[in-house]
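Going by my numbering, the sequence shown opens with residue 6, and the numbers climb by one from there.
Every residue, glycine too, gets a C-beta built ideally from N, C-alpha and C.
Only one structure is covered here, and it is reproduced in the block below.
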Amino acid sequence: VRVASPIDRLPVELLSMVFLACISPFFMWEHTSTEQFMPLVLSHVCQRWMQCACSTSWLWRTLGVWYPDNTQSGTSLSRPKLMGLSLLMQEYASRAGDLPLCLS
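Laid out in structure tokens, this is it:
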């Protein structure tokens with residue numbers, strides 16, 4: 006028998022607010038690269054969190070994109086990585102719904 010934890014009893018509206026706090030600059034002590042992927046992290050915890058995260062458009066509004074300067078480092082993104090980035094951008098745009106997608 007699985008005993009529900011207190012977070013499992015939290016209404017979806019409050020859970021959504023907790024998720025938004027995870028990406029809010031007011032609650033971040035320092036900016037990390039993990040922050041931009043927080044919506045993906047939250048959506049992979051369990052089925053309930055996935056449904057809540059995917060229906061919280063504001064989570065998906067901002068995507069940090071890093072593209073190496075190949076003139077200085079000698080590196081560039083390969084075609085498969087560009088395709089993956091394209092799919093990720095499409096997913097974020099889809100989940101952001103009517104909100105504008107911000108790329109940083």
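Outcome for A101 when other beta-carbon atoms lying within 10 angstroms are tallied against a minimum of 16: Along the sequence shown, one-based indexing puts residue 101 at 96. Burial call: buried.
Straight-line gap, H49 to C59 (C-alpha atoms, nearest Å): Within the sequence shown, numbered from 1, the residue matching residue 49 stands at position 44. Within the sequence shown, numbered from 1, the residue matching residue 59 stands at position 54. Going from the Cα of H49 to the Cα of C59 covers about 10 Å.
L106 - DSSP class collapsed to helix/strand/coil: The count along the sequence shown starts at 1 and reaches residue 106 at position 101. Residue state, collapsed to three classes: coil.
Helix, strand or coil at L68 [DSSP, three-state]: Counting from one through the sequence shown, the residue named residue 68 turns up at place 63. Three-state DSSP puts L68 in a strand.
Rounded distance between the beta-carbons of L47 and C27, thought under 8 Å: Here the question's residue 27 lines up with position 22 in the sequence shown. Here the question's residue 47 lines up with position 42 in the sequence shown. Under the criterion of beta carbons closer than 8 Å, C27 and L47 qualify as touching, at roughly 7 Å.
Beta-carbon separation (whole angstroms), R68 vs L108, contact threshold 8 Å: Taking the first residue of the sequence shown as position 1, residue 68 is located at position 63. Taking the first residue of the sequence shown as position 1, residue 108 is located at position 103. Note that residue 68 is Leu in the sequence shown here, rather than Arg. Contact flag correct, Cβ pair sits at about 6 Å.
Of the listed residues V17, S62, L87, R84, nearest to R53 (C-alpha basis): Locating residue 53 in the sequence shown gives position 48, counting from the first residue. When C-alpha distances from R53 are compared across V17, S62, L87, R84, the shortest belongs to V17.
Outcome for L87 when other beta-carbon atoms lying within 10 angstroms are tallied against a minimum of 16: For the purposes of this step, residue 87 is taken as residue 82 along the sequence shown, with counting starting at 1. Of the other Cβ atoms in all chains shown, fewer than 16 fall within 10 Å of the Cβ of L87; this residue is therefore exposed.
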